[in-house]
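In the working numbering, the protein residues as written are 1 to 706.
Input: a single structure, listed below in structure tokens.
Okay, here's the thing in structure tokens:
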């Protein structure tokens, strides 16, 4: 019962001062903040990167699930309309990068000025655009944050979610609500320290704010539904918080008196629920019992309420289509009115929003192949790094591995992992090897420019599924500008009857391969000859036990092999930690990323994969679940693990630093082997890369076969 009472914040940590250069922006001719260098006071409990014993350096290339394909722009339609009337769709953003999660700014006329999130700077930042304006203006935000979300401008104050301040414990999201007084350049954290807030909504008068919140609870590991609560507080007193309803997400206000939200109903259908809010802000201490609004038989998400109290805009998934569409639900007639299905029947549509005067409804979707704007997915895309000495590039593909001289990258491309591809490290050209075989996870021989090791067979299989380690040889002189498919020789190094053999990593001298095999009935690590495999030479078992040892990585100095394993909890296939072992099998130890004694609850919740070494062998790069979920996954396209972020740390577990925080699943990273890569020559124009197609899935755990 105590958690339902009004919350007050704890004492905040010491104040940190940061600076930001603000750019002038205008709404209806009024300048809403000054173009000057201004001092912004923030509360922060994040250690500056300079406090690390020594920052890592170099270039990191990694994958983000489906993100290169999004091509999101923000669109709107004008209301009212009926089934006989043609709907005119208006694009509000400019086709640069991806643009999403918008809100209308003005509430008293026909202007469609919006504030929205865009990744055009290499990270999710806040922008504003007006109809007919040739420019898109970046709004003030938190300079060291790589993630901003759900921006709202109300009475010249900007509200948004940011994920830049480290929480008080691991496995807790970094997401919190902030506001900026645009006329005074003052940033305020509205979420108490130690608390987690998502998806803000501001009431019609601006008096009340609702969020989906974990409060001070840590993330329990779920992501299909977060089980957040709806929390309300007054803008004038953000520390006086009330849990008004349990288990709900994505709140939206109708006026100042009604809140709607989404959650999964007991019958399995995602539905909209609502309740009346007492404007006197008086509660008995118990959360309210909401009323289900939308019927079973159709999934309804991310509601946006009209302030007239009569309608809701919702994103829906129906049995008749695999696409998410925007519809209007009439609360009185209890009927749906489709909006986007007739416009773009084969596109997903996300996050509807409505103007305060109920005249416009907006959403974001794939911009379409024929729409003006960026139409090509570059092979490599720069991403903002939080660490000064590191540069980061997102790859259009998975499982990258550099050639010995660093000028080529081996990768697996597309949704079906067909063959192995090679791309120039400046992103200008790509070739295909072994086109007609399914392959995943690559390791370029450190001593041979013409040899790549890979796994041939299905990527997710049991210990008995036939997957083999292959040695691919080719002639590098065939990598010409006029060729796309390169002849190669494929030599299988493992025996077919041994089952699932995958994740090869070459020793630095190029003589041996460490890999994972299920031949014993358990997935453990083995070492074999890099040329002859297990046919003409012996294979040596490196680890042995009834658990999963996987994704090994040989250090560049040759003295250690790092890998992921659940050997500390073999019965749980969802927890993995980092282990290292010497190539002779001695010196096996676990590297504790999360503080605390071995066996503690926090330590044994780690899900760490894709570990690899820096070029000097002093740092480990990996993906982990340590930061929880950054945004509500139901509002995004499919991510198998929408909590995967990149981290680096030293071999002794010190110097842990988070490299990504966004709403995506980031993974399969690798470290550039050389000292420097000229990113100024990176080729990312429309002539380099794949055609942008918008092909991605709705979350696979949302089933319409209920």
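Note that the Cβ used here is the ideal one computed from N, Cα and C, for glycine as well.
What you are looking at is a predicted structure, and each value in this text was computed from that prediction instead of being measured.
{"Check": "Do you know how far the Cα of residue 591 is from the Cα of residue 46?", "Outcome": "Because the pLDDT of residue 46 is 36, which lies under 50, any placement of that residue in the model is unreliable, and the number read from its coordinates should be weighed accordingly. Straight-line Cα distance between these residues: approximately 23 Å."}
{"Check": "For a minimum of 3 consecutive residues, which ranges assigned as the beta strand (DSSP E) are wholly contained in the region 207-271?", "Outcome": "208-215, 229-234, 237-245, 249-254, 258-264"}
{"Check": "Relative to the C-alpha of residue 563, which residue among 569, 580, 573 is closest?", "Outcome": "580"}
{"Check": "If you drop the 5 nearest sequence neighbours on each side, which residues of the same chain put their C-beta closer than 8 Å to that of residue 324?", "Outcome": "301, 315, 316, 317, 348, 349, 350, 698"}
{"Check": "Using a Cβ-Cβ cut-off of 8 Å (strictly less than) and excluding sequence neighbours within five positions of residue 78, which residues of its own chain qualify?", "Outcome": "88, 90, 359, 360"}
{"Check": "Mapping the DSSP letters down to three states, classify residue 680 as helix, strand or coil.", "Outcome": "helix"}
{"Check": "Spatial neighbours of residue 710 within its chain, please: C-beta separation below 6 Å, excluding the five flanking residues on both sides.", "Outcome": "Given a span of 1 to 706 for the chain in the structure shown, any question on residue 710 remains unanswerable."}
{"Check": "May I have the straight-line CA-CA distance separating residue 589 from residue 547, to the nearest angstrom?", "Outcome": "15 Å"}
{"Check": "Give me the Cα-Cα distance between residue 559 and residue 650, rounded to the nearest whole angstrom.", "Outcome": "16 Å"}
{"Check": "From residue 645 to residue 355, what does the alpha carbon distance come to, in whole angstroms?", "Outcome": "35 Å"}
{"Check": "With a threshold of 16 other CB atoms inside 10 Å of the CB of residue 594, please say whether the residue is buried or exposed.", "Outcome": "buried"}
{"Check": "Counting only the same chain and skipping the five closest in sequence on each side, list residues whose C-beta sits under 7 Å from that of residue 503.", "Outcome": "441, 455, 515, 516, 550, 551, 552"}
{"Check": "Just how far apart, CA to CA, sit residue 641 and residue 215?", "Outcome": "23 Å"}
{"Check": "What three-state label does DSSP hand residue 170 in the structure shown?", "Outcome": "coil"}
{"Check": "Return yes when the Cβ of residue 639 is within less than 8 Å of the Cβ of residue 74, no when it is not.", "Outcome": "no"}
{"Check": "Keeping to the same chain, check which residues put their C-beta closer than 8 Å to that of residue 376; ignore five residues upstream and five downstream.", "Outcome": "685, 686, 687, 688, 689, 690, 691, 692"}
{"Check": "Answer with buried or exposed for residue 184, where buried requires no fewer than 16 other C-beta atoms within 10 angstroms of its C-beta.", "Outcome": "exposed"}
{"Check": "Once DSSP output is grouped into helix, strand and coil, what is the label at residue 604?", "Outcome": "helix"}
{"Check": "Spatial neighbours of residue 265 within its chain, please: C-beta separation below 6 Å, excluding the five flanking residues on both sides.", "Outcome": "271"}
{"Check": "Roughly how many whole angstroms lie between the Cα atoms of residue 606 and residue 196?", "Outcome": "20 Å"}
{"Check": "Nearest to residue 469 by alpha carbon, out of 512, 139, 248?", "Outcome": "512"}
{"Check": "Nearest to residue 55 by CA position, among 389, 124, 187, is which residue?", "Outcome": "389"}
{"Check": "Applying the criterion that 16 or more other CB atoms from any shown protein chain within 10 Å of the CB defines a buried residue, is residue 58 buried or exposed?", "Outcome": "buried"}
{"Check": "Taking the Cβ atom as the reference point for each residue, do residue 613 and residue 577 lie within a distance shorter than 8 Å?", "Outcome": "no"}
{"Check": "By DSSP's criteria, residue 515 is part of a beta bridge. Which residues make up the other side?", "Outcome": "526"}
{"Check": "From the DSSP secondary-structure annotation, give me the bridge partner or partners of residue 112.", "Outcome": "Beta-bridge pairing links residue 112 to no other residue."}
{"Check": "Under a three-way DSSP split, which group does residue 538 fall into?", "Outcome": "coil"}
{"Check": "What are the complete beta strand (DSSP E) segments, minimum 3 residues, inside the region 347-391?", "Outcome": "349-354, 360-366, 380-383"}
{"Check": "Could you pull out every residue in the same chain whose Cβ sits closer than 6 Å to the Cβ of residue 72, ignoring the five residues on either side in sequence?", "Outcome": "98, 99, 100, 364"}
{"Check": "Do the region 407-426 and the region 126-142 make contact, defined as three or more Cβ pairs closer than 8 Å?", "Outcome": "no"}
{"Check": "Are the Cβ atoms of residue 632 and residue 249 separated by less than 8 Å?", "Outcome": "yes"}
{"Check": "Where do the N-terminal and C-terminal ends of the beta strand (DSSP E) with residue 707 fall, by residue?", "Outcome": "No information on residue 707 is available, as it lies outside the stretch 1 to 706 that the chain covers here."}
{"Check": "To the nearest angstrom, how far is it from the Cα of residue 145 to the Cα of residue 269?", "Outcome": "35 Å"}
{"Check": "Would you list the residues sitting across from residue 646 in a DSSP beta bridge?", "Outcome": "623"}
{"Check": "Under 8 Å between the Cβ atoms of residue 326 and residue 337?", "Outcome": "no"}
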